[in-house]
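Chains as they are written, first to last, in this note's numbering: chain G, 1 to 235; chain Z, 236 to 510.
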Amino acid sequence: MGDSQYSFSLTTFSPSGKLVQIEYALMAVGAGQTSLGIKASNGVVIATEKKLPSILVDEASINKIQSLTPNIGVVYSGMGPDSRVLVRKSRKQAQTYQRLYQEPIPLSQLVRETAAVMQEFTQSGGVRPFGVSLLMAGFDDNGPQLYQVDPSGSYFSWKASAIGKNVSNAKTFLEKRYSDDMELEDAIHTAILTLKEGFEGQISGKNIEIGIIDEKRVFKVLTPAEVEDYLAEVE
Amino acid sequence: MTKSNVMEVPPKGGFTFDLCRRNTMLQQQGAKLPKFRKTGTTIVGLIFKDGVILGADTRATEGEIVCDKNCEKIHYLAPNISCCGAGTAADTENVTDMVSSQLVLHRYATGRESRVVTALTMLKSHLFRYQGQVSAALVLGGVDVTGPHLHAVYPHGSTDTLPFATMGSGSLAAMSVFESRYKENLTKEEGMEIVSAAICAGIFNDLGSGSNVDLCIITKEGKEYLRNYQQPNPRSYSRSKGYDFKIGHTAVLSTKITQLRQHVQVLEGDAMEEE
């Protein structure tokens, strides 16, 4: 960062002490489609709306939920292309850790490194902050965990969280429904109900994406058919 | 910050060849290069009816000494690809580790199972870039969507695609077994028998190879890694009583006792004041 003509940062302080570019980045996140995550006692579920710009788009080609390692998955709200850059960097960081320590990277470490990248882009020359918030879910030796990373580079561990358009309603809903001893199956149902709250139109296996990780420590994205099964259970 | 007309290019890492000329010059003048741990080695691979079988011995040498009697020469590259390595142990281990890591990232980017030719291209590009300084001779084998593949990779970056291959100091011994017994469409049992015979030929006829036989069978169903499939060199005698060396066995030439207590002074003092 900082090569070419721009050695000065485009993200500068306002008189009130705020970094306006980061505020605007958070607004970009707030305009993005809703995503949420719930940590259960025996796993984590992350889910997102997959509203396509037109019925002509082949929805099978779009994967908003991605794996970073076999036991860590991520979903975003905000600008899709920005999330792709972060996913690529995170995967590489996970591999570098694996090569150095000969063991899979713990989720908290990967979150820290990804957040450090996002912070770099708020303090370097010629670049702008990322327009995404990430929800990273994983299961490692410290059990199931869910982290949220914001464009500023700050990260938090959550029991349940939502990002994107319908945040306040979704979080209120989650606060009411969440319990510490919730199991993964309940969490998946709760996640679907939360998405349904703010959903415009008919919810189906083709316009939402769900990713889960359980005690087997393998992150997987549910197929549209599996999502339909869960939707039927919720009805 | 001073501005200079010459663009400062940050070092990109990797091998710098600057000292190679000096090293050859020193060697010509009689200086000895430090010894590195080589794997001596007999490594083989062959294609059979359902896939690929890789085999390796387990002796690692450091000059004339056996430094590891049971090392692992069959390296993991991907769930469907393995690689035997001969040459300098550090080079084979690190280059296969690196390519294995690159293949993980490649699988995430493409969403597909890795292909053997991908591993082959990554390995040969790396070895060619280092102009033979990375002393890794590999037998690469695996099964992917296009079928079973077997390749031999040389330290300078050239490759061969073969139905059966051998590398390492025991390669001639092993190749004699292959040349006389290989045929197409072998069954798994026949293939395993020929591969272990080839490795045994290396173990018994080459000083750089020895100890046990490791096998790895790869088919489209999966990978079977048979560590120490054969152990034709067991330790035949070990003293049941163990070894004890009575005092007086070793001659004492000189004795010097240094009292450490002289250098340590214990002072009684007041406790530190807390503020």
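For each residue, glycine too, the CB sits at the ideal point set by N, CA and C.
Exposure of residue i, with buried meaning 16 or more beta-carbon neighbours within 10 Å
{"i": "G/A60", "result": "exposed"}
{"i": "Z/L450", "result": "buried"}
{"i": "Z/Q264", "result": "exposed"}
{"i": "Z/C319", "result": "buried"}
{"i": "Z/D479", "result": "exposed"}
{"i": "Z/R350", "result": "buried"}
{"i": "Z/L254", "result": "exposed"}
{"i": "Z/R294", "result": "buried"}
{"i": "Z/T463", "result": "Sequence inspection shows Asn at residue 463 of chain Z; the Thr mentioned does not correspond to that position. Classification for Z/N463: exposed."}
{"i": "Z/G477", "result": "exposed"}
{"i": "G/P144", "result": "buried"}
{"i": "G/Q95", "result": "buried"}
{"i": "Z/G483", "result": "exposed"}
{"i": "Z/S489", "result": "exposed"}
{"i": "Z/F399", "result": "buried"}
{"i": "G/E49", "result": "buried"}
{"i": "Z/Q466", "result": "exposed"}
{"i": "Z/S360", "result": "exposed"}
{"i": "G/F156", "result": "exposed"}
{"i": "G/P81", "result": "exposed"}
{"i": "Z/M427", "result": "buried"}
{"i": "Z/V374", "result": "buried"}
Listed by chain order, chain Z residues near residue i by CB distance under 8 Å
{"i": "G/S67", "result": "Y343"}
{"i": "G/R99", "result": "D332, M333, S336"}
Contact set between residue i and chain G, taken where Cβ atoms lie within less than 7 Å
{"i": "Z/L340", "result": "R91, K92, Q95"}
Through-space distance from residue j to residue i, alpha-carbon basis
{"i": "G/Q5", "j": "G/S179", "result": "53 Å"}
{"i": "G/S83", "j": "G/N166", "result": "20 Å"}
{"i": "G/E209", "j": "G/R91", "result": "21 Å"}
{"i": "Z/P390", "j": "G/P104", "result": "31 Å"}
{"i": "G/P151", "j": "G/V111", "result": "13 Å"}
{"i": "G/I22", "j": "G/R88", "result": "22 Å"}
{"i": "Z/S239", "j": "G/D214", "result": "Low confidence applies to Z/S239: its pLDDT is 47, below 50, so where it sits in the model is not reliable, and the reading given next is rough at best. Spanning the two alpha carbons is a distance of roughly 57 Å."}
{"i": "G/T122", "j": "G/L19", "result": "9 Å"}
{"i": "Z/L362", "j": "G/V44", "result": "43 Å"}
{"i": "Z/E503", "j": "Z/Q494", "result": "22 Å"}
{"i": "Z/L442", "j": "Z/C306", "result": "16 Å"}
{"i": "Z/V499", "j": "Z/E508", "result": "25 Å"}
{"i": "G/G201", "j": "G/A187", "result": "23 Å"}
{"i": "G/A47", "j": "Z/Y460", "result": "38 Å"}
{"i": "G/P224", "j": "Z/G376", "result": "36 Å"}
{"i": "Z/E456", "j": "Z/S406", "result": "29 Å"}
{"i": "G/V29", "j": "G/S67", "result": "21 Å"}
{"i": "Z/V279", "j": "Z/G290", "result": "5 Å"}
{"i": "Z/I417", "j": "Z/N440", "result": "Ile is not the amino acid found at residue 417 of chain Z; the sequence shown has Tyr there. Their backbone Cα atoms lie some 20 Å apart in a straight line."}
{"i": "Z/A387", "j": "Z/G298", "result": "25 Å"}
{"i": "Z/I453", "j": "G/K176", "result": "52 Å"}
{"i": "Z/T401", "j": "G/E185", "result": "53 Å"}
8 Å Cβ shell around residue i - same chain, five flanking residues per side excluded
{"i": "Z/N468", "result": "I438, G445, S446, N447"}
{"i": "G/L174", "result": "L36, I38, A160, S161, A162, T190, T194"}
{"i": "G/M118", "result": "L86, P129, F130, V149, D150, P151, S152, G153"}
{"i": "Z/H310", "result": "S317, C318, C319, G320, T327, E328, T331, D332, S335"}
{"i": "Z/L338", "result": "L312, A313, I316, S349, T353, A354, M357"}
{"i": "G/I62", "result": "K50, L52"}
Beta-ladder partner(s) of residue i, from DSSP
{"i": "Z/H310", "result": "Z/C318"}
{"i": "Z/D379", "result": "Z/G382"}
{"i": "G/S67", "result": "G/G73"}
{"i": "G/F139", "result": "G/P144"}
{"i": "G/Y155", "result": "G/V149"}
{"i": "Z/C451", "result": "Z/L289, Z/Y460"}
{"i": "G/A187", "result": "Partner(s): none; G/A187 has no beta bridge."}
{"i": "G/G32", "result": "None, per the DSSP bridge assignment."}
{"i": "Z/A400", "result": "Z/G280"}
Close-in-space but distant-in-sequence residues of the same chain around residue i (CB under 7 Å, 5 per side omitted)
{"i": "Z/D326", "result": "V369, S370, A371"}
{"i": "Z/A486", "result": "none"}
{"i": "Z/N420", "result": "K284"}
{"i": "G/F13", "result": "L19"}
{"i": "G/Q98", "result": "P104, I105"}
Other residues of its chain near residue i: CB distance less than 6 Å, five sequence neighbours each side excluded
{"i": "G/G2", "result": "Note that G/G2 scores a pLDDT of 48, beneath 50, so its modelled location is shaky and nothing firm can be said."}
{"i": "G/M182", "result": "A40"}
{"i": "G/L222", "result": "I210"}
{"i": "G/F139", "result": "N71, I213, R217"}
{"i": "G/Y76", "result": "S83, V132, L134"}
{"i": "G/K171", "result": "A162"}
{"i": "G/T11", "result": "L19, Q21, T122"}
{"i": "G/G164", "result": "G32, Q33, T34, S35, S77"}
{"i": "Z/M236", "result": "Per-residue confidence for Z/M236 stands at a pLDDT of 45, beneath the threshold of 50, marking its modelled position as unreliable; the derived number appears in the next sentence. Taken in chain order, the list of residues that qualify is empty."}
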